[in-house]
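Novice: Here it is: the structure, laid out below.
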Amino acid sequence: MKNFITKIIENSNEIVKTRFCPEPGGFLHIGHIKNFILNYKLSTIYKGKINIRMDDSNPIKSKHIYSKRIYYEILSLGFNSKIKLSYSSDYFKRIYYISKAFIKKDLFYIDNMISKRVTSNIKINEKTIYKQREKKEKLYLIKKMRNGLFKEKEFVVRANITKHKGLIDPIVFRILKRLSKGVSIYPTYDLCNSISDRIEKITFSICTNEFINNKEIYNWLVSNYNKTFKKKLVPIQIEFSRMKIEGVTLGKRNIRNLIRMGIVKNWSDPRLYTVKGLINRGISNKSIKEIALSTGYTRSNYVIKECFIRRILIRNLSKEVKRKTIVILKPVKVIVINLRDKKELFVESVRNIKCLYSFFLKKKLYNIFFLRKKPKCCVFLYFDIKIKMVCSNCITKINSNKAMLYTYLGNSIKKTICIIKNNNNIGINRAKFRLKGLGYFYIYRNRSFIVCKEIVLFSKSIL
Numbered sequence: 000m001k002n003f004i005t006k007i008i009e010n011s012n013e014i015v016k017t018r019f020c021p022e023p024g025g026f027l028h029i030g031h032i033k034n035f036i037l038n039y040k041l042s043t044i045y046k047g048k049i050n051i052r053m054d055d056s057n058p059i060k061s062k063h064i065y066s067k068r069i070y071y072e073i074l075s076l077g078f079n080s081k082i083k084l085s086y087s088s089d090y091f092k093r094i095y096y097i098s099k100a101f102i103k104k105d106l107f108y109i110d111n112m113i114s115k116r117v118t119s120n121i122k123i124n125e126k127t128i129y130k131q132r133e134k135k136e137k138l139y140l141i142k143k144m145r146n147g148l149f150k151e152k153e154f155v156v157r158a159n160i161t162k163h164k165g166l167i168d169p170i171v172f173r174i175l176k177r178l179s180k181g182v183s184i185y186p187t188y189d190l191c192n193s194i195s196d197r198i199e200k201i202t203f204s205i206c207t208n209e210f211i212n213n214k215e216i217y218n219w220l221v222s223n224y225n226k227t228f229k230k231k232l233v234p235i236q237i238e239f240s241r242m243k244i245e246g247v248t249l250g251k252r253n254i255r256n257l258i259r260m261g262i263v264k265n266w267s268d269p270r271l272y273t274v275k276g277l278i279n280r281g282i283s284n285k286s287i288k289e290i291a292l293s294t295g296y297t298r299s300n301y302v303i304k305e306c307f308i309r310r311i312l313i314r315n316l317s318k319e320v321k322r323k324t325i326v327i328l329k330p331v332k333v334i335v336i337n338l339r340d341k342k343e344l345f346v347e348s349v350r351n352i353k354c355l356y357s358f359f360l361k362k363k364l365y366n367i368f369f370l371r372k373k374p375k376c377c378v379f380l381y382f383d384i385k386i387k388m389v390c391s392n393c394i395t396k397i398n399s400n401k402a403m404l405y406t407y408l409g410n411s412i413k414k415t416i417c418i419i420k421n422n423n424n425i426g427i428n429r430a431k432f433r434l435k436g437l438g439y440f441y442i443y444r445n446r447s448f449i450v451c452k453e454i455v456l457f458s459k460s461i462l
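Heads up: the sequence shown is residues 0 to 462, going by numbering that gives the first Met the number 0.
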């Protein structure tokens, strides 16, 4: 596996330690699996480690049921069960004390401005009243915030990075309702993710390109952490393109809206491309992994077509599923005259389709078989058999390169008698035959077959 990510890793000369950090706000979908497989493979190739960390920094959306389900789905796909599992909430206390150290160095400050007005006020006057507070007052306010003495949205903690062009004092701590005992303030994704990576000594933070705007604050927080606590390790954030499938809704927010509107029942609905939904659809673990890896890892956006996924499923299922019987609607009985004694004939398949070989161990043509009656349409002989077939009970008219066949049986065809010819030499390149009420079939120079829109496979049990 070689791509632009492996080149960055090889040039850095760092010990590879990655993490998979999903939000436990729903089930995993195919895009999450793509991200996890990349982190898992990199850790195995470069003999490193991988952590699974549940990002429960938003307690409103995060639920413990989902975190259990996510970990179970990863193990059910056949990955190593010794992968370390952790939660972002495990580091909340440490993040709180780290933020107090940042306040002492004037990197954070307490603000009670409305979020809509903060941008305009900071542009007009960088040194606001809230930034000029004394350090003791800031520490006192953050302590009261933690103890739950303020209302929600009354105070927030901001990062003091106004001088940076791309960032204007982003929020790093906010007050939320008492959703758990002893916790009233929660860090935002940016603070929690960057500091947690630094605590776990993650060397490579690999994510999709939707987090490219968070890269600047990620690097700012990590660099200030190293300066404050005199550390050297700097995690490298690498972005790759999101997975997009034609006509498929991905993303937890979008799927959550579909469930809320009643379009789908739940996360395990087979119409969704969640792991549970794909399993309910009948797709194997091997196929799920192959679909996730089908586009590779690049920075350019690419949309996978549905037909490409269908091809992957057919190839994998044909090796695993044994098919014995297929129903033929409106059957027409066909008797091969010169096979009455032998009853069967071994024939050679023209097409080299691997998926068909698992359907039948022996390729045989029997003296009696059935075709689907479908006027003005085409019907295939199974395996695209390399033989010559003509109708014995008919009148043939040949005009230039065309030969028309008319039967005396009319529209209500119940039985058709055919003869196999061993002569491979035919004067015309292609002759088109129309068997009234049955459909079309063609005779080529080297082979002939009955053509139709869909292949009809015949089984011994039917015949």
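Cβ atoms here follow ideal geometry from the backbone N, Cα and C, with glycine treated the same way.
Helix, strand or coil, according to DSSP, for Lys150 in the structure here?
Specialist: coil
Novice: In whole angstroms, give me the CA-to-CA distance for Pro269 and Ser42.
Specialist: Straight-line Cα distance between these residues: approximately 32 angstroms.
Novice: Using DSSP with H/G/I as helix, E/B as strand and the rest coil, what is Asp54?
Specialist: In the structure shown, the three-state DSSP call for Asp54 is coil.
Novice: Report all residues from its chain with a CB closer than 6 angstroms to the CB of Ile51; omit the five preceding and five following residues, and keep chain order.
Specialist: Phe19, Ile82, Leu84
Novice: Excluding the 5 residues preceding and the 5 following Tyr90 in the sequence, name in chain order all residues of the same chain whose CB lies nearer than 8 angstroms to its CB.
Specialist: Cys191, Ile194, Ser195, Ile198
Novice: Pick helix, strand or coil for Phe307, following the three-state DSSP scheme.
Specialist: Shown here, Phe307 sits in a helix according to DSSP, grouped into three states.
Novice: Look at the alpha carbon of Ile262 and the alpha carbon of Cys206, and state the distance between them as a whole number of angstroms.
Specialist: 29 angstroms
Novice: Counting along the chain, where does the alpha helix (DSSP H) carrying Leu277 start and finish?
Specialist: Taken as a continuous stretch (DSSP letters only), the alpha helix (DSSP H) holding Leu277 covers 274-280.
Novice: Go to Thr43, then tell me how far its alpha helix (DSSP H) extends in each direction, as first and last residue.
Specialist: 29-44
Novice: Within the continuous beta strand (DSSP E) that includes Leu84, where are the two ends?
Specialist: 83-86
Novice: Using the Cα positions of Lys46 and Tyr185, report the straight-line distance between them to the nearest angstrom.
Specialist: 35 angstroms
Novice: Considering only the alpha carbon of each residue, which of Ile128, Val274, Asn12 lies closest to Leu76?
Specialist: Val274
Novice: If you follow the beta strand (DSSP E) that Lys230 is part of, which residue opens it and which one closes it?
Specialist: It is not in any beta strand (DSSP E) - Lys230 carries neither H nor E in the DSSP assignment.
Novice: Rounded to whole angstroms, what is the Cα-Cα separation between Tyr272 and Ser80?
Specialist: 24 angstroms
Novice: Under DSSP, the alpha helix (DSSP H) around Arg68 begins and ends at which residues?
Specialist: 63-75
Novice: Please state whether DSSP places Leu103 in a helix, a strand or coil.
Specialist: Sequence check: residue 103 is Lys here, not Leu. If DSSP states are grouped into helix, strand and coil, Lys103 belongs with the helices.
Novice: Output the distance between the C-alpha atoms of Ser293 and Lys48, rounded to the nearest integer angstrom.
Specialist: Here the alpha carbons of Lys48 and Ser293 stand approximately 25 angstroms from one another.
Novice: Keeping to the same chain, check which residues put their C-beta closer than 7 angstroms to that of Ser11; ignore five residues upstream and five downstream.
Specialist: Ile235
Novice: Would DSSP call Arg259 helix, strand or coil?
Specialist: helix
Novice: Consult DSSP for Ser293 and reduce its assignment to one of helix, strand or coil.
Specialist: coil
Novice: Got a sec, what are the start and stop residues for the beta strand (DSSP E) Ile167 sits in?
Specialist: No beta strand (DSSP E) holds Ile167; DSSP gives it neither H nor E.
Novice: How long is the line joining the alpha carbons of Met242 and Gln131, rounded to whole angstroms?
Specialist: Going from the Cα of Met242 to the Cα of Gln131 covers about 46 angstroms.
Novice: Between the stretch 211-226 and the stretch 239-253, are three or more C-beta pairs nearer than 8 angstroms?
Specialist: no
Novice: Can you tell me whether DSSP reads Arg241 as helix, strand or coil?
Specialist: coil
Novice: Whole angstroms are fine: how far does the CA of Arg68 sit from the CA of Asp55?
Specialist: 14 angstroms
Novice: Helix, strand or coil for Arg132, going by three-state DSSP, please let me know.
Specialist: coil
Novice: Flag this pair as touching only if the stretch 287-307 and the stretch 2-9 have three or more C-beta atom pairs under 8 angstroms; answer yes or no.
Specialist: yes
Novice: Skipping 5 residues on each side, what residues in its chain have a beta carbon closer than 7 angstroms to that of Tyr70?
Specialist: Ile51, Leu84
Novice: Kindly indicate which residue of Lys103, Tyr65, Asp105 has the alpha-carbon position closest to the one of Tyr86.
Specialist: Tyr65
Novice: So what's Ser183 in DSSP terms, helix, strand or just coil?
Specialist: strand
Novice: Considering only C-alpha positions, which residue in the set Leu148, Pro169, Phe107 is nearest to Asn213?
Specialist: Pro169
Novice: Round the Cβ separation of Arg145 and Phe107 to the nearest angstrom and send it over; I've been treating them as touching at under 8 angstroms.
Specialist: Contact flag wrong, Cβ pair sits at about 14 angstroms.
Novice: Could you tell me the alpha carbon to alpha carbon distance between Ala100 and Arg255, rounded to whole angstroms?
Specialist: 38 angstroms
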